[in-house]
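*Asks:* Residue numbers (the UniProt record's numbering): 1 to 284.
1. Just to confirm, are residue 184 and residue 137 a CB contact at a threshold of 8 angstroms?
2. If we ignore side chains and look at the alpha-carbon of each, how far apart do residue 120 and residue 57 end up?
3. Could you please give me the residues that DSSP links to residue 40 through a beta bridge?
4. Output the distance between the C-alpha atoms of residue 265 and residue 219, rounded to the nearest integer angstrom.
5. Looking only at its own chain, which residues have a Cβ that is under 8 angstroms from the Cβ of residue 83, when we skip the five neighbours before and after it?
6. Taking all protein chains shown into account, decide if residue 174 is buried (16 or more other Cβ within 10 angstroms of its Cβ) or exposed.
7. Do three or more CB pairs link the region 179–198 to the region 101–113 at distances below 8 angstroms?
8. In the DSSP assignment, the alpha helix (DSSP H) including residue 29 goes from what residue to what residue?
9. Tell me, to the nearest whole angstrom, how far the beta carbon of residue 111 is from that of residue 126; I am working on the premise that it is less than 8 angstroms.
10. Assuming contact is defined by CB atoms lying nearer than 8 angstroms, are residue 14 and residue 47 in contact in what I supplied?
11. Closer than 8 angstroms, CB to CB, is residue 193 near chain C or not?
12. Mapping DSSP to helix, strand and coil, what is residue 144?
13. Just the C-alpha distance for residue 198 and residue 4, rounded to the nearest angstrom, thanks.
14. Measure the beta-carbon distance from residue 301 to residue 6 and round it to whole angstroms, keeping in mind my assumption that it falls under 8 angstroms.
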């Protein structure tokens, strides 16, 4: 996969564990990830917040402080000791936020419907989000950039940005959520603008060969739907420019063009497309 030599196609997907107390990875996490590592394997960490305001669930890890970076180092070292490659998934939950005391931000001010359990009880009661102001968006972009830098400092081989499953990046991309009237809303190109700015900032910081993004154009998790998901897939072509300009990484492989049949081609049940934009044709 790009410059990384993988021995098989079985990947540890990001699995939110909610055991990072005070948003700091704990020592027991060393055992958790090392047990799942093997020579030539690829592991992607649990979703990791890019800033304090990016968090939305209790006890999930972050990577915006020195303490967090230092806590990740022995975990990453243990994975590398097994000969595996380790990417850190970076996220901002946006309006997918059920913790009291803070106001979540999003592309919109529309609140999510409460989650109801099978027994009729409320599992999650979401909070009214606040629409990000135009002048605040560069700060969020910078949070992703700094988090990527911190991930490399912690020893990770790269990062995967969480652009799927109803979280902030997808809240900008999908037209059933994004109701903005500025340059970050309306047309498909405008709705992808924020994500492309994040991609470009992260790539410029750590290099395109270390960066991937998770996308779910066909999913409607978190009430984050797209009226024309096939068009949404084709809109990702500008990412080629963001990843390749000035870096001489060569042509994308055909797998990175996300054809309209990507969902069935990749055997995905929930419509999620996990993409490393530095992959090569050995992994079609």
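Note that CB positions come from ideal geometry on N, CA and C, so glycine has one too.
*Replies:* Per the coordinate set shown:
1. yes
2. 22 angstroms
3. Note: residue 40 sits in no beta bridge, so no partner.
4. Annotation note: pLDDT 29 at residue 265 (below 50); position unreliable, coordinate value reported separately. Cα to Cα, residue 265 sits roughly 16 angstroms from residue 219.
5. 37, 38, 39, 40, 41
6. buried
7. yes
8. 28–35
9. 6 angstroms
10. yes
11. Of the protein chains in the structure, only one exists, and it is not chain C.
12. helix
13. 23 angstroms
14. Since the first residue of the chain shown is 1 and the last is 284, residue 301 is not available in this structure.
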